[in-house]
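Remarks on the structure that follows.
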Amino acid sequence: MLRRHRIIAALTAGAVIAVPLAGCGSSSSPSGDASSSDGSKVSVVASISQWGSVAAKIGGDDVSVTSVVTSSSGTTSHEYEPTTQDVANLTGADIAIVNGAGYDSWAVNALADDTDTTVINVADLMNVQEGANPHLWFSVDAIDKTASAVHDALKASDSAHSSDYDTNYAAWTKAYDSLKQSLDIVKQETNGRTYVATESVAQYLLDDLGMIDKTPEGFKNATANESEPSAQDIDEMTQIVQNKQVDVLVVNDSETNDIATNLDTAGQNSKISIFHVTESMPSEVSNVLDWINMLAASLMMTIPSSSSASASASASE
């Protein structure tokens, strides 16, 4: 137990990973706000702030970054209705970063016939097809591949500042390696632990941490397709939560509906551990690496210790 407290304290203390870049002056502005534009800089537009934050850190003072959908947009990207200005910003950018896999089809479609903009499609980098889980920013592998693609695109677009991009990317890589080390520590506690989720938003992160998804297939497939689970699926999920048959209930706070709310309430009543997560990166977080580290720290504080979980499992048998 003492070791566990030390791990949590270390993660919490390091929840914000310093990424000391040569230039950190890039801005990330919400939909329709072109105030970050600067004709002397490489213009980068990202469909969502998670990917915009990668470009801002690697580009530093040499780029101008705009993220269309942010936490302040009040919606998730797959529900977002782009404005004419959003489309103009995307097609007018030197580099555009889209998530793909059906999450931001409005952005992918806007750039489909654009031959002047360098498009980085994260789903294509990961070979993830539409219909699969699109929440790729929770995958450390996807973050790594996207950062590399951004670095290469910036160097190709602006060779005059190539050394700046190399310096910034080296700092990013150091921070990424630090995150991986933190996740390896967390995995010592989470590997093999079980969960059910109101929606599979954090699946990639939980997979990286070795956790096992026990969400009933019918429930999982229905929420993935944005349809309502059957009464039987809902009842099965509720019974799992009420009887604490898994270690953690994962709640996507970005997708609020009666089913998710009722499961959250059932979890509170049964005193099961509940891990809350959102799709959009919180406005107080400057980059996706920091966010993943904060989520890992939160999960460590949420999940029951291995010893208490074993005792609970024995008592229920």
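Each number in this note's numbering corresponds to the 1-based position in the sequence shown with 2 added. The beta carbon of each residue, even a glycine, is placed where N, CA and C say it ideally should be. Since this is a predicted model, take the numbers as computed values, not measurements.
Close-in-space but distant-in-sequence residues of the same chain around residue i (CB under 6 Å, 5 per side omitted)
| i | result |
| --- | --- |
| S73 | S282, P284 and S285 |
| V152 | V56, A57 and I60 |
| S164 | K157 |
| V130 | A103 |
| E257 | E201 |
| V89 | A112 |
| K216 | T196, V198 and V248 |
| T280 | D255 and S256 |
Cβ neighbours of residue i in the same chain (closer than 8 Å, five flanking residues each side left out)
| i | result |
| --- | --- |
| A149 | V56, I60, Y171, W174, T175 and Y178 |
| T304 | V250, S275, I276 and F277 |
| V243 | V198, L251, L265, A268, G269, S272 and I274 |
| W293 | Q52, M283, P284 and V287 |
| M128 | L138, S141, D143, A144 and K147 |
Per DSSP, the bridge partner or partners of residue i
| i | result |
| --- | --- |
| L251 | V198 and I276 |
| N135 | Answer is none; N135 lacks a bridge partner. |
| I214 | T196 |
Start and end residues, beta strand (DSSP E) containing residue i
| i | result |
| --- | --- |
| I99 | I97 to V100 |
| V71 | V65 to V71 |
| I122 | T120 to N123 |
Enclosing alpha helix (DSSP H) for residue i [first to last residue]
| i | result |
| --- | --- |
| I236 | A233 to Q244 |
| I225 | Rather than Ile, the amino acid found at residue 225 in this sequence is Thr. It spans E219 to A226 - the alpha helix (DSSP H) in which T225 sits, taken as one unbroken run. |
| A109 | S107 to A112 |
| A204 | Where A204 is concerned, there is no enclosing alpha helix (DSSP H), given that its DSSP letter is neither H nor E. |
| I294 | V290 to T304 |
| A90 | T86 to T93 |
Own chain partners of residue i with C-beta closer than 7 Å, once the 5 adjacent residues on each side are dropped
| i | result |
| --- | --- |
| G212 | K189, T192, N193 and G194 |
| T93 | A112, L113, D116 and T119 |
Member of the options whose CA lies at the smallest distance from the CA of residue i
| i | options | result |
| --- | --- | --- |
| V290 | E230, T280 and I145 | I145 |
| S232 | N254, L208 and I261 | I261 |
| L185 | V110, S141 and A95 | S141 |
| W329 | Q87, S51, K216 and S300 | The structure shown has nothing for residue 329, since the chain only spans 3 to 319. |
| S202 | N223, D210, I187 and K182 | N223 |
| I99 | D154, T77, S75 and D64 | D154 |
| E238 | H137, M296 and P218 | P218 |
| E132 | K147, N101 and S159 | N101 |
| S107 | T240, N91, D166 and E83 | E83 |
| N254 | Q205, A298, Q87 and Q241 | Q205 |
| G62 | T280, Q241 and D160 | D160 |
| V2 | S75, S49, M128 and D143 | Shown here, the chain extends from 3 to 319; a query on residue 2 therefore has no answer. |
| I97 | A162, S79, N123 and A299 | N123 |
| A162 | S42, L301 and M302 | S42 |
| D210 | K246, A134, T169 and A298 | A298 |
| V121 | F221, A95, A134 and M302 | A95 |
| D235 | K246, A226, G220 and T225 | G220 |
Runs of beta strand (DSSP E) wholly within the segment 37-61 (minimum 3 residues, chain order): 44-50
Entirely enclosed alpha helix (DSSP H) segments - the segment 137-162, minimum 4 residues: 142-159
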